[in-house]
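Everything on this sheet refers to the single structure shown next.
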Amino acid sequence: MEITEVVTDSLGHVLDSFYICQACRIVDRDDDRIIVGHPCSICGEPSPAGRSYFRSPVFSLIDLMQEFYHAKHDMQVYTVRDHLDSTHNAWLAVVIFFVSLREALLVHFLKELMGALGLPDGVCERLMADNNSHSRRLENLFPSLVGVKWKEAISELSKTSTLDYRKLDRSITEIVRSRNTFLHQGYKVAIKVEMAEGCLRNIWPLLNLYVELHNRFVYPIFQEEKKVITTRCRESPIKPALAERHVGIKTHE
Ligand SMILES: [Zn+2]
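Just so you know, we're using our numbering here: the sequence shown kicks off at -4 and counts up by one.
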């Protein structure tokens, strides 16, 4: 299926195929998880109900990208002029929604990670506020939480994945640069139809990247926590201890 050819069905619905095990927290594409009692292939626990890994804003943004990408076919008004025409507006909307999608996925991942580490809400909010741009969250907060830099993480994941996340990262860098060129200089031709199409094609690898990041960095924390609980620390403040070990952040005095 070509992602650009999905027109009548909701693209967000079509791509909503990642489920999280509510027992061990692994994320995969086993859609039998929607069957009550279906055993998890990792931990064996029966599924209480299927639960999508990504939240609804993610799929709303994907649907908006789809809507504007295909809307251009109904706008036969393209001419070379000094101002944005409807077609350029549609491509621009696809790019802006894609950049928002990328930001929503990073925020979702970081909040999930901080929650797994047991960081108190106040600490999470302070960390997000101190790193209030996408680049700061990627370059400062991400490595402080997981212990490796963003580019190292995606290079490592690319070695075992069928998807090339380094290529994805380069493509996204180019898209963001064009978006910024438009925002700061109003340079309309920075946004081309190929870029809007590229945004659509990048959705699938981007979703997969965040699933792999979850399974690499968040899932193991739940396993470690479960191990600690079952072996020796039933009465201890486990989550703050995990947070201090992983992040070096004091969560209590
Ligand atoms: Zn499981």
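Each residue gets a CB set at the ideal place from its N, CA and C atoms; glycine is no exception.
Model, not experiment: these values are computed from the prediction.
Start and end residues, alpha helix (DSSP H) containing residue i
i: residue 48; result: Residue 48 -> no alpha helix (DSSP H), and no H or E assigned at all.
i: residue 19; result: Premise fails: residue 19 is in no alpha helix (DSSP H) and is neither H nor E.
i: residue 151; result: 145 to 155
i: residue 162; result: 160 to 180
i: residue 259; result: Because residue 259 is not part of the residues shown, which for the chain are -4 to 248, the question remains open.
i: residue 133; result: Counting along the chain, residue 133 falls outside any alpha helix (DSSP H), and DSSP gives it neither H nor E.
Simplified DSSP state of residue i, which is helix, strand or coil
i: residue 34; result: strand
i: residue 91; result: helix
i: residue 116; result: helix
i: residue 125; result: helix
i: residue 15; result: strand
i: residue 53; result: helix
i: residue -4; result: coil
i: residue 142; result: coil
i: residue 3; result: coil
Buried or exposed by the 16-neighbour rule on C-beta atoms within 10 Å, applied to residue i
i: residue 35; result: buried
i: residue 8; result: exposed
i: residue 178; result: exposed
i: residue 197; result: buried
i: residue 15; result: buried
i: residue 42; result: buried
i: residue 180; result: exposed
i: residue 111; result: buried
i: residue 44; result: exposed
i: residue 229; result: Legend: pLDDT at residue 229 = 48, less than 50; position of this residue unreliable, value from coordinates given subsequently. Counting Cβ neighbours within 10 Å, residue 229 comes out exposed, since fewer than 16 surround it.
Those residues which DSSP pairs with residue i across a bridge
i: residue 23; result: 14
i: residue 41; result: 34
Any C-beta of chain B under 8 Å from that of residue i
i: residue 204; result: No chain B appears in the structure shown, which is made up of a single protein chain.
>> Using only Cβ atoms and a threshold of 5 Å, which residues come within that distance of a heavy atom of ligand 1? Order them by chain position.
In response: One residue list follows from the rule of a beta carbon closer than 5 Å to any heavy atom of ligand 1, given in chain order as 16, 18, 19, 35, 37 and 38.
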